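Contents: one structure, followed by commentary.
2 protein chains.
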Amino acid sequence: MNEPVPTLDDVAKMAGVSTATVSRCLNEPGKVIETTRDKVMKAVDALGYTPNFAARVMAAKRSYTIGAIVPTLDNAIFAKGLQAFQEALHARGYTLLVSSSAYKPEIEKEQIRTLVARGADGLLLIGYEREGQLYDYLARQNVPALVAWAFDADGPVPSIGFDNHAAMRAVTQAAIDRGHRRIAMISGVCEGNDRAQKRLDGVKTAMAEKGVSPDALAVIETAYTIEAGEAAFARLMARTPRATAVICGNDLLAVGALQSAKTLGIDVPGDVSLTGFDDMELARIVQPTLTTVSVPHREMGQAAADELMAMVEGTSPGRSRLLETEIVLRASLR
Amino acid sequence: MNEPVPTLDDVAKMAGVSTATVSRCLNEPGKVIETTRDKVMKAVDALGYTPNFAARVMAAKRSYTIGAIVPTLDNAIFAKGLQAFQEALHARGYTLLVSSSAYKPEIEKEQIRTLVARGADGLLLIGYEREGQLYDYLARQNVPALVAWAFDADGPVPSIGFDNHAAMRAVTQAAIDRGHRRIAMISGVCEGNDRAQKRLDGVKTAMAEKGVSPDALAVIETAYTIEAGEAAFARLMARTPRATAVICGNDLLAVGALQSAKTLGIDVPGDVSLTGFDDMELARIVQPTLTTVSVPHREMGQAAADELMAMVEGTSPGRSRLLETEIVLRASLR
DNA sequence: AAGCTCAGTGTAAGCGCTTACATAAAGTAT
DNA sequence: ATACTTTATGTAAGCGCTTACACTGAGCTT
């Protein structure tokens, strides 16, 4: 057993050429004459040779690998965008390495270092909020990074995303326009999460603009899960006066709220209106269907991939791009 | 700009020791005396040194990396198990590399080669069905592999999973016991997917055992998505005589069927009963709630991680393990 | 025909680490 | 005090690739 794995040298010997030629056959076939290439390829097949990636990275100082760190893979929020991201990378010969940080900054930091140590040529990050020195670190390691799912033209690295503040402001305006005055919010945890914070601010802005005092806004910050949404909604409903509209930080929270409403015998949208964010598949499945914000996940993933590859290849200094969101009016808001 | 990234040599020089000592400080701190270690660590911090992973893998011939290839990340089916898998790996210093094959064998093959080339110490695969030579390839490369989400004590590699056939048989029995005789199935695509095939077989077995002719079973094979489930259900309902129970290959298909039923004005479970598989969160959210099969995702991920690490470290030849599933009776079956 | 260019190939120097082995110093047993 | 361990560190040989540079010979130009 333990038959040794074939190396470039073995291939070279079998084909009767130098290692350089084998390497060129594999990486720049055009630079090798056809007869030679045939010999080499025959040897590659015969030996079942696969290049050793670590050796290649080390010698070439280039890994054709892009790393992405998302807060979670546990729900579908990032899955769609990431899928598009990965497809775009794959089409140009890059590999995607994904890891999840469980919304924990220290884990994210570790993952960033891990990915850099693994030779990632570039990094996709979600949102801006992290220690500033991490950006310095990336700069020092010459690893370009791009932020997605958030937008800030003046951030430390470029971003491709949408305006969380404006989107949530628009949703809230829609609620106020329908006569709602007592508004509550179930928000994601804002600390360390600029997206959550901006969404919360968006609600406040809309209220202020429409002459509804934002001071009266009841806010519960909680984890982005269905269960948390359920619990938060129950707590909100226990307060008096009761809110007539509950703005949720994302669809999961809204779905949880909906479940809770059912348990409590509260009719949505009859007694209370509800809105979400993300327009996950789930939003169309629940009863009543969810008014929410549709985000161009696939477009974002695609654009992020293109931009990041350009940055890695030095053909772009890194350009930010703002994508449009859209309010999807469904049954849960009345 | 382009300040060079510090290397082990730089650290060694700054600390006034040899590279071997620095390496030992990082990997086997116990073998270095404290005063030396302090000097080294100070240099590491001062330089912001991070070991180069490719170099380490190459020199040590060990990457502490485990690869996993799942059919999809697009829904939550594998997310939970994978999360547990990753946590268990992380706890023992391993890193997980995930990629998704989009249910395509040729992509999976490529991913397997990619992960091996990247020096994965071991591989987690889903289900057994793939070219036999892939198993040979892994054996030749000395990369242990483990199959999850399926069980076969005599497979080419060990497995940790559950009995798809028995579980689906039990669900079907439950339907027949409630008086259903005209049964239909919305199955996943069986070609290249042993889990889907086994689930389909489970339905047939139960029918045969209960004296219901399996020949009458209407089967539609389709992709594991909500939309596909919707379309399939509509097609099934157009047939006469209509089935009174529709067994679905997983929860997504069942949810799709439910949506379709609503559109068509068919009452579930009044007119037609419905069952799913996986017990995703979704199963408790839809109306009516879904009768389905609960799978111990977390336990499976954890067990798979433990076993695979043992295989990688040579402390286990690879032991298969069968986990129990459980039928969860909810409103959709009557 | 001399001098070019240039395509195709080979030579060999690393890339940044780990680790077997060598060495030195200190501790222990006799 | 001698010989033998043990412990801490250093030396240097790779690991399997890529690529700058050198080389060769064929085809051009003049």
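As you go down the protein sequences, you meet chains H and L in turn.
For this note's numbering, add 43 to where a residue sits in the first sequence, where the first one is 1.
For this note's numbering, add 43 to where a residue sits in the second sequence, where the first one is 1.
Beta carbons are placed, not taken as given, at the ideal position from N, Cα and C, and that holds for glycine.
Predicted model only: the values in this text are computed from it and were never measured.
Per DSSP, the beta bridge partners of D321 (chain H) are H:S337. With distances taken between CA atoms, M228 (chain L) lies nearest to L:R242 out of L:G124, L:E77, L:D220, L:R242. DSSP, read as helix, strand or coil, puts A274 (chain H) in helix. Judged by DSSP secondary structure, R364 (chain H) falls within the beta strand (DSSP E) whose first and last residues are 364-366. Among the bridge pairs identified by DSSP, C291 (chain H) is matched with H:I229. Counting along the chain, S256 (chain H) sits inside no alpha helix (DSSP H), nor does DSSP assign it H or E at all.
Per the C-alpha coordinates, the member of L:A346, L:F320, L:V329 positioned closest to T335 (chain L) is L:F320. Between the region 46-59 of chain L and the region 91-100 of chain L, the count of Cβ pairs shorter than 8 Å is three or higher; the stretches touch. Using beta-carbon distances, G59 (chain H) does not count as an interface residue toward chain L, since no partner is under 7 Å. Scanning its chain for C-beta atoms nearer than 6 Å, with the 5 sequence neighbours on each side dropped, one finds around G235 (chain L) the residues P148, E172, in chain order. DSSP, reduced to helix, strand and coil, places T157 (chain H) within a helical segment of the structure shown. Within the region 53-102 of chain L, the complete alpha helix (DSSP H) segments of 4 residues or longer fall at 62-70, 77-90, listed in chain order.
Under DSSP, V371 (chain L) shares a beta bridge with L:T335. Beta-bridge analysis with DSSP links E264 (chain L) to L:S230.
In this structure, L365 (chain L) places its C-beta atom within 7 Å of the C-beta atom of F194 (chain L).
Taking 8 Å as the upper bound for CB-CB distance, F128 (chain L) and E367 (chain L) are not in contact here, some 19 Å apart. Scanning H:G272, H:I226, H:G231 for the CA closest to the CA of P257 (chain H) turns up H:I226. Assigned with DSSP and collapsed to three states, T283 (chain H) falls in coil, not helix or strand.
In the three-state scheme derived from DSSP, where H, G and I count as helix and E and B as strand, G361 (chain L) is classed as coil. The beta carbon of D349 (chain H) sits closer than 8 Å to those of A131, all from its chain and outside the five residues before and after it, given in chain order. Between A213 (chain L) and G292 (chain L) a beta carbon distance of about 15 Å is seen, past the 8 Å cut, so the two are scored as non-contacting.
In summary, G162 (chain H) is buried, with 16 or more beta-carbon neighbours lying within 10 Å of its beta-carbon over all protein chains present. Close partners of A97 (chain H) in chain L (Cβ separation under 7 Å): A97, V100, M101, G162. Our two residues, V329 (chain L) and D88 (chain H), have alpha carbons roughly 52 Å apart in a direct line.
Here L177 (chain H) has K152, I155 as same chain residues with Cβ atoms under 8 Å from its own Cβ, once five neighbours each way along the sequence are excluded. The C-beta of D117 (chain L) comes closer than 7 Å to at least one C-beta of chain H. E273 (chain H) counts as buried, since at least 16 other C-beta atoms from the protein chains shown sit within 10 angstroms of its C-beta.
About 33 Å separates the beta carbon of L189 (chain H) from that of A300 (chain H), a gap too long to meet the 8 Å contact definition.
Residue-level contact check: Q184 (chain L) touches chain H, since one or more beta carbons of chain H fall below 7 Å from its beta carbon. Think of a sphere of 7 Å around the beta carbon of V141 (chain H): the chain L residues whose beta carbon falls inside it are V141, in chain order. G313 (chain H) carries a coil assignment under DSSP once its states are collapsed to helix, strand and coil. T215 (chain H): member of the alpha helix (DSSP H) spanning 207-220, first to last residue. Per DSSP, the unbroken beta strand (DSSP E) holding A191 (chain L) starts and ends at 188-191. Shown here, A119 (chain H) sits in coil according to DSSP, grouped into three states, outside any helix or strand. Straight-line measurement puts the Cα of D237 (chain H) at about 42 Å from the Cα of P187 (chain L). The beta carbons of A275 (chain L) and S316 (chain L) sit no closer together than 7 Å.
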